[in-house]
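If you read the sequence shown in the numbering used here, its first letter stands for residue 4, the second for the next number, and so on.
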Amino acid sequence: MKKILGFVIMLSTPLMSIAQDWHVGATAGISNYSGDLSEKRIDFRYTRPMIGLFVKKDINRYLTLRAGGTFGMVAANDRTNASIALQSRNLSFSSPVWEGHIGAELNFFDIDEKGFTPYLFGGVALFSFYPTAKDSLGNKIRLRRLSTEGQGLPQYPERGNQYSLYQVSIPFGAGFKYLFTDRLTLGFEIGLRATFTDYLDDVSTTYVDQNTLLAERGQLAVDYAYRGDEPDTKGVPGTYPLDGEKRGSAKYKDWYTFTGLTIMYRLGGGSDGRRTTNFSKCFKM
Numbered sequence: 004m005k006k007i008l009g010f011v012i013m014l015s016t017p018l019m020s021i022a023q024d025w026h027v028g029a030t031a032g033i034s035n036y037s038g039d040l041s042e043k044r045i046d047f048r049y050t051r052p053m054i055g056l057f058v059k060k061d062i063n064r065y066l067t068l069r070a071g072g073t074f075g076m077v078a079a080n081d082r083t084n085a086s087i088a089l090q091s092r093n094l095s096f097s098s099p100v101w102e103g104h105i106g107a108e109l110n111f112f113d114i115d116e117k118g119f120t121p122y123l124f125g126g127v128a129l130f131s132f133y134p135t136a137k138d139s140l141g142n143k144i145r146l147r148r149l150s151t152e153g154q155g156l157p158q159y160p161e162r163g164n165q166y167s168l169y170q171v172s173i174p175f176g177a178g179f180k181y182l183f184t185d186r187l188t189l190g191f192e193i194g195l196r197a198t199f200t201d202y203l204d205d206v207s208t209t210y211v212d213q214n215t216l217l218a219e220r221g222q223l224a225v226d227y228a229y230r231g232d233e234p235d236t237k238g239v240p241g242t243y244p245l246d247g248e249k250r251g252s253a254k255y256k257d258w259y260t261f262t263g264l265t266i267m268y269r270l271g272g273g274s275d276g277r278r279t280t281n282f283s284k285c286f287k288m
């Protein structure tokens, strides 16, 4: 019986050595946004939840490959900005963000020797979004279809077609991992996402002609292109701006961030077999 068990363990050792470099895990925390509706780099008043799943593969002591999926929410509102001009614009939005990413981590230490390590990471991601606003009754209004800045209208060919709801971002940031047990690793990570779109919030360039927008997309589009004339606007309600007047700034693209706690489960034993049990010693062939 000892010989049979020893033979089975000997055959399974290569599989265990492969599995020991893999980790599966989850993350939970917060998401934030930076763009045309936020005066600050990050406005924590509009912090929203974030959750995700991931898998990692240790290439060696200091390099780890990673892939995963994350869901978060982003939001902002002109009413809480300090600028009177932004308050008068009175725009707001919220959007879900679904992200799939791949990348790599650079570990500062050998976690199996130190028991912890800080790390840097970078990669590439594909994400989807859909900005919405709420009417006075709390109903969601989908903003993209309204062409609030003339996207897709023949009168504004320079605006191009409707912006895509699927975009590429560049995730990068830093984190900390702590070896809680032989198999469980706890951590904390801050991740920034630089995007290539300025329409995460549906705001980018200038206002378009009110009558043109009304004829092409209807009154709802006019109402949500400029909301400074609503009865509950701070200060004196304004009037719809002139064609070409500044609505946002296309100089900088929008960003979003994910910050959270992580927990990982190591498949197999410890890295490089340093923390695995040498089963072959239990059986004398």
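C-beta: ideal position from N, C-alpha, C; glycine also.
With at least 16 other beta carbons inside 10 angstroms of its own, Ser150 counts as buried. Looking at the DSSP output, Asn63 sits in no beta bridge, so it has no partner there.
Shown here, Tyr259 sits in a strand according to DSSP, grouped into three states. Comparing alpha carbon positions, the residue from Arg250, Trp25 and Leu264 closest to Leu89 is Arg250. Its Cα nearest to that of Ala177, the residue Leu195 stands out among Tyr169, Phe183 and Leu195.
Here Pro121 has Phe111 and Phe179 as same chain residues with Cβ atoms under 6 Å from its own Cβ, once five neighbours each way along the sequence are excluded. Going by DSSP, Ala218 is part of the alpha helix (DSSP H) stretching over Gln213 to Arg220. Our two residues, Gly75 and Ser167, have alpha carbons roughly 19 Å apart in a direct line. Under the DSSP assignment, Ile87 falls in the alpha helix (DSSP H) whose first and last residues are Ile87 to Arg92. Between Leu129 and Tyr169, the gap from beta carbon to beta carbon is short of 8 Å. Classified as exposed, Gln165 has fewer than 16 neighbouring CB atoms from the shown chains inside 10 Å of its CB. Within the same chain, Cβ atoms closer than 6 Å to the Cβ of Lys59 are found at His26, Thr67 and Arg69, the five residues on either side in sequence being excluded.
The Cβ atoms of Phe175 and Gly125 sit closer than 8 Å to each other. It is roughly 10 Å from the alpha-carbon of Ile173 to the alpha-carbon of Ile105. Its chain contains Phe96, Pro134, Leu146, Arg147 and Thr151 as the residues whose beta carbon lies nearer than 7 Å to that of Asp205, once the 5 sequence neighbours on both sides are disregarded; these appear in chain order.
Of the residues assessed, Gln154 falls on the buried side of the cut-off, its CB having 16 or more other CB atoms within 10 angstroms. Assignment of beta-bridge partners to Ala79 by DSSP yields Phe96. Going by DSSP, Ile144 is part of the beta strand (DSSP E) stretching over Lys143 to Arg145. Secondary structure note for Lys117: its alpha helix (DSSP H) is the uninterrupted segment Ile114 to Lys117. The beta strand (DSSP E) runs of length 3 or more contained entirely in the region 38 to 63 are, from start to end of the chain, 51 to 61. Across the set Pro244, Phe57 and Pro157, the C-alpha of Phe57 shows the shortest separation from the C-alpha of Ala29. The Cβ atoms of Leu109 and Tyr65 sit closer than 8 Å to each other.
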